[in-house]
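Below: one structure, written as structure tokens.
2 protein chains.
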Amino acid sequence: MAPQLDGYFKQVDKLSESFIERLGKAVSIPSVSADAARRPDVVKMSEFLVSELKALGAHVESRPLGVQPGTENLDLPPVIVARYGSSPQKRTILVYGHYDVQPARKEDGWATDPFKLSVDDQGRMYGRGSTDDKGPVLGWLNAIQAHKEAGIELPVNLLMCFEGMEEYGSEGLDEFIEKEAKPGGFFEKAEAVCISDNYWLGTEKPCLTYGLRGCNYYSVTVSGPGQDLHSGIFGGSAQEPMTDLVRVLGKLVDTDGKIQIPGINEMVAPLSEDEKSLYEDISYSMANLYESLGSKTGIYADKENTLMARWRYPSLSVHGIEGAFADPGAKTVIPAKVIGKFSIRTVPNMESDKVDSLVFKFIKDEFAKLGSKNTVSVKLLHAGNWWVASPKHWNYSAAGRAVEKVFGVKPDLTREGGSIPVTLTFEKATGKNVLLLPMGSSTDAAHSINEKLDRRNYIEGTKLLGAYLHFVAEEEMKA
Amino acid sequence: MAPQLDGYFKQVDKLSESFIERLGKAVSIPSVSADAARRPDVVKMSEFLVSELKALGAHVESRPLGVQPGTENLDLPPVIVARYGSSPQKRTILVYGHYDVQPARKEDGWATDPFKLSVDDQGRMYGRGSTDDKGPVLGWLNAIQAHKEAGIELPVNLLMCFEGMEEYGSEGLDEFIEKEAKPGGFFEKAEAVCISDNYWLGTEKPCLTYGLRGCNYYSVTVSGPGQDLHSGIFGGSAQEPMTDLVRVLGKLVDTDGKIQIPGINEMVAPLSEDEKSLYEDISYSMANLYESLGSKTGIYADKENTLMARWRYPSLSVHGIEGAFADPGAKTVIPAKVIGKFSIRTVPNMESDKVDSLVFKFIKDEFAKLGSKNTVSVKLLHAGNWWVASPKHWNYSAAGRAVEKVFGVKPDLTREGGSIPVTLTFEKATGKNVLLLPMGSSTDAAHSINEKLDRRNYIEGTKLLGAYLHFVAEEEMKA
Ligand SMILES: [Zn+2]
Ligand SMILES: [Zn+2]
Ligand SMILES: [Zn+2]
Ligand SMILES: [Zn+2]
Numbered sequence: 001m002a003p004q005l006d007g008y009f010k011q012v013d014k015l016s017e018s019f020i021e022r023l024g025k026a027v028s029i030p031s032v033s034a035d036a037a038r039r040p041d042v043v044k045m046s047e048f049l050v051s052e053l054k055a056l057g058a059h060v061e062s063r064p065l066g067v068q069p070g071t072e073n074l075d076l077p078p079v080i081v082a083r084y085g086s087s088p089q090k091r092t093i094l095v096y097g098h099y100d101v102q103p104a105r106k107e108d109g110w111a112t113d114p115f116k117l118s119v120d121d122q123g124r125m126y127g128r129g130s131t132d133d134k135g136p137v138l139g140w141l142n143a144i145q146a147h148k149e150a151g152i153e154l155p156v157n158l159l160m161c162f163e164g165m166e167e168y169g170s171e172g173l174d175e176f177i178e179k180e181a182k183p184g185g186f187f188e189k190a191e192a193v194c195i196s197d198n199y200w201l202g203t204e205k206p207c208l209t210y211g212l213r214g215c216n217y218y219s220v221t222v223s224g225p226g227q228d229l230h231s232g233i234f235g236g237s238a239q240e241p242m243t244d245l246v247r248v249l250g251k252l253v254d255t256d257g258k259i260q261i262p263g264i265n266e267m268v269a270p271l272s273e274d275e276k277s278l279y280e281d282i283s284y285s286m287a288n289l290y291e292s293l294g295s296k297t298g299i300y301a302d303k304e305n306t307l308m309a310r311w312r313y314p315s316l317s318v319h320g321i322e323g324a325f326a327d328p329g330a331k332t333v334i335p336a337k338v339i340g341k342f343s344i345r346t347v348p349n350m351e352s353d354k355v356d357s358l359v360f361k362f363i364k365d366e367f368a369k370l371g372s373k374n375t376v377s378v379k380l381l382h383a384g385n386w387w388v389a390s391p392k393h394w395n396y397s398a399a400g401r402a403v404e405k406v407f408g409v410k411p412d413l414t415r416e417g418g419s420i421p422v423t424l425t426f427e428k429a430t431g432k433n434v435l436l437l438p439m440g441s442s443t444d445a446a447h448s449i450n451e452k453l454d455r456r457n458y459i460e461g462t463k464l465l466g467a468y469l470h471f472v473a474e475e476e477m478k479a
Numbered sequence: 001m002a003p004q005l006d007g008y009f010k011q012v013d014k015l016s017e018s019f020i021e022r023l024g025k026a027v028s029i030p031s032v033s034a035d036a037a038r039r040p041d042v043v044k045m046s047e048f049l050v051s052e053l054k055a056l057g058a059h060v061e062s063r064p065l066g067v068q069p070g071t072e073n074l075d076l077p078p079v080i081v082a083r084y085g086s087s088p089q090k091r092t093i094l095v096y097g098h099y100d101v102q103p104a105r106k107e108d109g110w111a112t113d114p115f116k117l118s119v120d121d122q123g124r125m126y127g128r129g130s131t132d133d134k135g136p137v138l139g140w141l142n143a144i145q146a147h148k149e150a151g152i153e154l155p156v157n158l159l160m161c162f163e164g165m166e167e168y169g170s171e172g173l174d175e176f177i178e179k180e181a182k183p184g185g186f187f188e189k190a191e192a193v194c195i196s197d198n199y200w201l202g203t204e205k206p207c208l209t210y211g212l213r214g215c216n217y218y219s220v221t222v223s224g225p226g227q228d229l230h231s232g233i234f235g236g237s238a239q240e241p242m243t244d245l246v247r248v249l250g251k252l253v254d255t256d257g258k259i260q261i262p263g264i265n266e267m268v269a270p271l272s273e274d275e276k277s278l279y280e281d282i283s284y285s286m287a288n289l290y291e292s293l294g295s296k297t298g299i300y301a302d303k304e305n306t307l308m309a310r311w312r313y314p315s316l317s318v319h320g321i322e323g324a325f326a327d328p329g330a331k332t333v334i335p336a337k338v339i340g341k342f343s344i345r346t347v348p349n350m351e352s353d354k355v356d357s358l359v360f361k362f363i364k365d366e367f368a369k370l371g372s373k374n375t376v377s378v379k380l381l382h383a384g385n386w387w388v389a390s391p392k393h394w395n396y397s398a399a400g401r402a403v404e405k406v407f408g409v410k411p412d413l414t415r416e417g418g419s420i421p422v423t424l425t426f427e428k429a430t431g432k433n434v435l436l437l438p439m440g441s442s443t444d445a446a447h448s449i450n451e452k453l454d455r456r457n458y459i460e461g462t463k464l465l466g467a468y469l470h471f472v473a474e475e476e477m478k479a
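As they're listed, the protein sequences go chains H and F.
Under UniProt numbering, read the first sequence as residues 1 to 479, first letter to last.
Under UniProt numbering, read the second sequence as residues 1 to 479, first letter to last.
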């Protein structure tokens with residue numbers, strides 16, 4: 001039987017102005033985790049959440065994570081954990097979000113003050129953190145409030161985990177989650193996990209996200225001379241590290257994105273007919289791609305191959321070179337030591353360690369072919385695994401029904417090309433299904449200037465989060 | 001008959017402490033031409049020269065060059081021109097130097113205050129501009145003074161041209177020299193030119209420099225997307241400008257410095273047996289190369305090929321990439337527009353325009369082979385021609401005799417891999433032979449921290465400049 005949600009929805013509409021006010025208060029706290037000088041604001045934002053949650057009647061704890069590694073005595077922001085309800089008759093759902101934000105300065109090109117929520121006449125609510133991730137975090141609080149004020153019981157026990165360091169590497173979080181997922185821990189009873197920290201594929205149709213690519217990030221260092229040289233004096237008499245480096249980097253991938261490192265593509269899981277058919281229905285077009293690229297320089301001419309290239313095939317990008325001349329103008333330097341940076345987006349069934357050894361071997365072999373007296377070294381700078389969940393799990397089918405109820409359409413089932421490492425951490429630590437349930441749209445410009453969240457996405461999104469809790473409370477447990 | 005120089009030499013020795021004091025005064029004026037805020041100090045340095053030259057009885061003029069292009073109202077430093085003697089019975093020799101210096105800050109790693117001349121117990125005189133080019137400029141003033149005080153007549157009419165913008169592109173100088181070399185101009189009567197603004201090949205043996213390579217500096221821009229992209233989101237679905245750029249840059253030159261652009265090497269003047277034999281005698285060793293490289297990553301195993309590669313063959317260096325990720329750390333960006341920078345050192349008989357068209361064609365052909373939808377453009381950022389003078393000219397043989405007289409050895413005849421553009425300007429404008437007669441040694445660290453000039457190089461160098469004026473005054477005039 002489908003849940004009766006009309007009372008809840010009406011209450012959300014009634015409270016919508018106060019929900020926007022709540023978002024305005026949150027945006028006005030510049031909780032930039034990357035900037036040590038802003039740390040007091042990050043803490044202030046955690047205190048804001050604590051006080052809001054307490055006012056709603058939740059049990060709240062502010063958990064310290066200790067000193068930030070690499071600093072003398074800069075404390076990490078706390079993780080805010082909260083529980084609303086603890087009935088043994090109800091399912092327990094764990095939700096995650098982050099209350100820190102990316103850096104933002106008006107001078108970067110913002111049309112409005114980034115730390116003042118500015119709503120325009122089309123309902124676009126501009127402000128740093130509006131969509132990433134303060135809007136979704138407050139969505140959970142809004143849902144609790146609307147239930148309370150409508151006199152409707154929350155159908156699940158809701159566990160919340162809100163961190164303050166996501167935009168700067170989630171320092172300390174993995175260990176925290178692992179500990180709290182164990183018997184006796186705060187997350188022990190969680191039966192499913194929901195994360196709202198990504199975006200719709202477009203602007204009209206909601207989606208559920210069931211996969212993420214991993215990322216192995218490498219550096220290749222070529223060095224020779226003891227210090228930078230002048231090309232007039234030494235050009236022609238010394239082997240140049242930059243010459244060697246561009247020759248090696250030029251071998252990694254072709255213009256159409258095909259990785260040239262033997263063995264990499266062979267590890268990719270074959271495409272089944274079943275999976276292939278999923279892509280046809282997805283609401284996406286080449287026009288969408290060209291609009292987001294700002295050019296027509298896509299590799300594929302059709303939607304299906306484009307989406308598969310982003311979600312289920314690996315890719316290799318060369319990001320840049322450290323140590324070479326990178327400024328405007330002309331400088332006649334022979335750099336002594338240059339560090340190329342590239343990364344491989346990984347997918348099922350690529351094994352991270354095996355990728356590393358294929359990469360290391362390839363670079364060394366290609367470098368050896370050059371016959372250079374310079375030296376090369378390859379390093380893995382960081383690795384995060386790919387993740388794929390079953391979109392047929394009851395956690396997903398419940399979310400799908402909630403989308404249909406709120407938006408009147410079945411959601412797209414999507415994957416993402418980027419990584420959200422905490423997803424994998426929750427899956428491993430709890431052993432439960434993890435659902436990515438986005439609130440914002442593809443045009444929200446998270447991490448960019450003029451970040452925004454549409455009023456519709458915030459208010460209907462709040463309805464969606466509440467509806468999800470109802471459907472997931474009674475969905476038949478399968479897969 | 002060899003000139004009688006003993007009285008002059010004795011007087012230089014007698015005055016040596018006051019010459020060092022003069023250098024100390026000059027070094028204490030931070031005449032950094034690259035820094036607009038230091039412009040008053042550059043002007044102060046020009047005034048110091050004017051007053052010193054006047055005190056010596058020279059005719060001096062401070063010539064304005066107008067407003068610095070690209071600025072509102074920042075005046076260029078003046079060119080100081082001076083004349084000492086104007087006898088129709090004497091030859092007229094034009095000398096050039098520059099009184100501005102490279103930037104320097106103690107924090108860059110200087111062991112001493114860069115703008116205070118510090119003499120250590122081995123006679124090394126540290127200070128910005130000591131060797132480049134205040135020492136040599138003052139060498140000419142010292143020579144005049146020692147002649148005067150010894151009561152020995154200067155055997156030539158000496159014309160001097162000292163500029164204050166050399167380290168920042170010699171803005172406005174070419175036009176000035178061209179004008180003054182014409183009938184009625186200040187340099188009209190010059191019969192030979194001497195420039196002291198380079199360095200010995202080593203530390204023991206003086207040299208005369210008769211050739212310089214040119215430099216054509218290029219940028220290759222590859223662009224595609226409208227803005228930088230996230231490699232997680234777009235990797236695999238878009239053609240990446242950085243992929244195309246490293247593939248093209250990797251085709252330009254091989255690890256052993258051989259330029260891969262068809263037609264370039266074919267333009268190089270063939271090596272005659274005569275020229276080849278010049279290299280054998282030069283005081284230089286592979287140990288010198290390895291010491292200055294700080295590594296054993298040279299291309300050739302022998303002195304002759306090493307020096308030829310630096311002086312008489314072209315070279316190609318890849319300097320860096322603008323627009324890509326160049327900082328430490330790991331950033332998952334797909335840069336939207338990347339600009340590769342490389343330059344070719346040119347030699348006789350390469351024609352600059354032809355080099356450009358071969359480069360442009362090669363880049364376009366190689367890019368076309370990639371089959372990329374991105375766009376490429378190649379630009380020449382600047383070009384300076386190569387220069388070779390006849391080392392058999394009387395200007396050189398006179399200088400060679402002066403070296404033998406002062407140092408007791410025949411000088412090495414060298415070329416240089418880098419460019420000193422004013423050399424070519426003087427040759428073209430006056431139509432006379434130009435000699436490069438260095439004062440400092442290879443260890444002086446011009447443009448680096450801890451720049452110095454050895455006391456010996458300064459004092460014996462002052463003797464050399466004076467002796468050169470005597471020999472050049474009576475050398476038989478032959479090509
Ligand atoms: Zn986020
Ligand atoms: Zn974010
Ligand atoms: Zn100089
Ligand atoms: Zn210089």
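Heads up, the beta-carbon is just placed ideally off N, CA and C, and yes, glycines get one too.
Can you grab the Cα-Cα spacing for the pair residue i / residue j, in whole Å?
{"i": "residue 53(F)", "j": "residue 18(F)", "result": "15 angstroms"}
{"i": "residue 5(F)", "j": "residue 402(F)", "result": "10 angstroms"}
{"i": "residue 158(H)", "j": "residue 117(H)", "result": "28 angstroms"}
{"i": "residue 174(H)", "j": "residue 67(H)", "result": "15 angstroms"}
{"i": "residue 71(H)", "j": "residue 171(H)", "result": "12 angstroms"}
{"i": "residue 396(F)", "j": "residue 385(F)", "result": "22 angstroms"}
{"i": "residue 469(H)", "j": "residue 270(H)", "result": "35 angstroms"}
{"i": "residue 134(F)", "j": "residue 445(H)", "result": "56 angstroms"}
{"i": "residue 266(H)", "j": "residue 316(H)", "result": "15 angstroms"}
{"i": "residue 79(H)", "j": "residue 50(H)", "result": "10 angstroms"}
{"i": "residue 216(F)", "j": "residue 382(F)", "result": "6 angstroms"}
My output table needs one value for residue i: the three-state DSSP class, helix, strand or coil.
{"i": "residue 340(H)", "result": "strand"}
{"i": "residue 94(F)", "result": "strand"}
{"i": "residue 331(H)", "result": "coil"}
{"i": "residue 59(H)", "result": "strand"}
{"i": "residue 238(F)", "result": "strand"}
{"i": "residue 268(H)", "result": "coil"}
{"i": "residue 15(H)", "result": "helix"}
{"i": "residue 32(H)", "result": "strand"}
{"i": "residue 278(H)", "result": "helix"}
{"i": "residue 349(H)", "result": "coil"}
To the nearest whole angstrom, what separates the beta carbons of residue i and residue j, a pair I think is in contact under 8 angstroms?
{"i": "residue 347(F)", "j": "residue 314(F)", "result": "5 angstroms"}
{"i": "residue 303(F)", "j": "residue 285(F)", "result": "6 angstroms"}
{"i": "residue 233(F)", "j": "residue 417(H)", "result": "5 angstroms"}
{"i": "residue 93(H)", "j": "residue 156(H)", "result": "5 angstroms"}
- Let me know the beta strand (DSSP E) ranges lying completely inside the region 432–456 of chain H, each 3 residues or longer, listed in chain order. 434–436, 452–454
- Task: Could you please go through the chain and list the residues whose beta-carbon is closer than 6 angstroms to any non-hydrogen atom of ligand 1?
- Result: 98(H), 132(H), 133(H), 166(H), 197(H)
- Those runs of the alpha helix (DSSP H) which lie wholly inside the region 147–213 of chain F and span at least 4 residues: 173–181
- Query: Curious, which full-length alpha helix (DSSP H) runs of at least 4 residues does the region 358–417 of chain H contain?
  - Reply: 394–407
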